[in-house]
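*Asks:* I have a structure here, written as structure tokens, and I will follow up with some questions on it.
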Amino acid sequence: MSEKTLDRRRLVHLGLGALGAVLVPAAPLLGSRGRPCDSAGPEAHLAPEGEPGEPLRVEGLLFAPDGVTPASGVVVYAYQTDATGLYSHRRGEPPRLRGWMRTDGNGRFSYRTIRPAPYPGGRIPAHVHHQLWGGGYPPQGSEALLFDDDPLVDASERNRSNALGPFAFVRKVETGPDGERLVKIRVRLKSKGDTFEESVRHGLDACGVEVPR
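So for the sequence shown, our numbering puts the first residue at 35; every next one is plus one.
Take a look at the structure:
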């Protein structure tokens with residue numbers, strides 16, 4: 035994939051990930067047993083223990099389209115690059131660092147991971163993709179999580195983020211009470227769903243979710 039293609043509209047504003055999962059075709063559909071959504075709770079680990087990189091915890095609140103009502107029972111699928119900027123080390127595999135959560139009664143979800151790296155040699159800022167479905171809402175993407183101290187985040191992305199107020203997607207990396215690096219986000223659902231390219235259907239396919247192509 036060319037840099038020009040990769041950089042097209044900054045990966046659709048780094049949103050639902052229709053262009054974001056570079057070199058990661060969709061994973062095969064799993065059987066009805068062992069689907070990760072079936073046992074998903076409000077917390078997940080995207081990175082295995084010992085994964086190289088800076089440990090990071092992300093705490094999220096998910097809201098209905100009105101931006102006020104907490105959205106419970108919604109699946110949040112998060113995936114990202116590793117510390118080398120790659121989703122996977124072998125072509126044809128889904129991202130290594132990924133996880134499924136289901137929001138609790140207050141719309142809360144959280145995951146532990148490592149801070150992602152930008153794509154090798156690219157101009158795209160480091161980011162974490164989020165896809166959402168269930169709980170009465172159609173499958174959809176949201177703005178990718180960006181980091182305030184990343185020099186690759188340009189002025190236009192910061193302005194778009196600031197315009198969203200509490201739902202800004204360029205977030206500050208804080209230090210939590212136990213010393214861990216922490217990012218807090220708020221995400222607002224849309225009333226309408228999205229279409230997904232084959233390359234970013236891996237989380238949906240693993241859960242047997244049918245969406246428009």
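In this text, a Cβ means the ideal position worked out from N, Cα and C, and glycines have one as well.
Would serine 195 be called buried (16 or more neighbouring beta carbons within 10 Å of its own) or exposed?
*Replies:* buried
*Asks:* Just the C-alpha distance for glycine 170 and glycine 133, rounded to the nearest angstrom, thanks.
*Replies:* 21 Å
*Asks:* Please state the DSSP three-state secondary structure of valine 234.
*Replies:* helix
*Asks:* When you compare each of Asp72, His164, Tyr145 to proline 222 by their alpha carbons, which one comes out closest?
*Replies:* In the sequence under discussion, the amino acid at residue 222 is arginine, which differs from the proline named in the question. The option with the nearest alpha carbon to arginine 222 is His164.
*Asks:* Is DSSP giving alanine 240 helix, strand or coil here?
*Replies:* Alanine 240: helix per DSSP, three-state reduction.
*Asks:* Use the C-beta contact count for serine 190: other C-beta atoms within 10 angstroms, 16 or more gives buried, fewer gives exposed.
*Replies:* Exposed, since its Cβ has fewer than 16 Cβ neighbours within 10 Å.
*Asks:* Considering only their Cβ atoms, is the gap separating arginine 142 from leucine 180 smaller than 7 Å?
*Replies:* no
*Asks:* Whole angstroms is fine: what's the gap from threonine 137's alpha carbon to cysteine 241's?
*Replies:* 16 Å
*Asks:* With respect to 6 Å, is the separation between the Cβ of aspartate 116 and the closest non-hydrogen atom of the ligand FMN below this value?
*Replies:* The ligand FMN is absent from the structure shown, which contains no ligand whatsoever.
*Asks:* Let me check understanding here. Comparing Cα to Cα, which of Glu208, Thr147, Pro200, Asn193 lies closest to valine 102?
*Replies:* Pro200
*Asks:* For glycine 175, name the three-state secondary structure that DSSP assigns.
*Replies:* Strand.
*Asks:* Serine 144 lies in the alpha helix (DSSP H); which residues open and close that run?
*Replies:* Taken as a continuous stretch (DSSP letters only), serine 144 belongs to no alpha helix (DSSP H), being part of the beta strand (DSSP E) at 142-148.
*Asks:* Beta-carbon separation of proline 173 and valine 245 under 7 Å?
*Replies:* Cβ distance < 7 Å, so proline 173 and valine 245 count as in contact.
*Asks:* According to the neighbour-count rule (16 or more other Cβ atoms, all chains shown, within 10 Å of its Cβ), is alanine 118 buried or exposed?
*Replies:* For clarity, residue 118 is threonine in the given sequence; the question names alanine instead. Result: exposed.
*Asks:* From the DSSP output, which residues share a beta bridge with proline 104?
*Replies:* Phe97
*Asks:* Which of helix, strand or coil does DSSP assign to arginine 69?
*Replies:* coil
*Asks:* Short check: CB of valine 217 to CB of valine 92, under 7 Å?
*Replies:* yes
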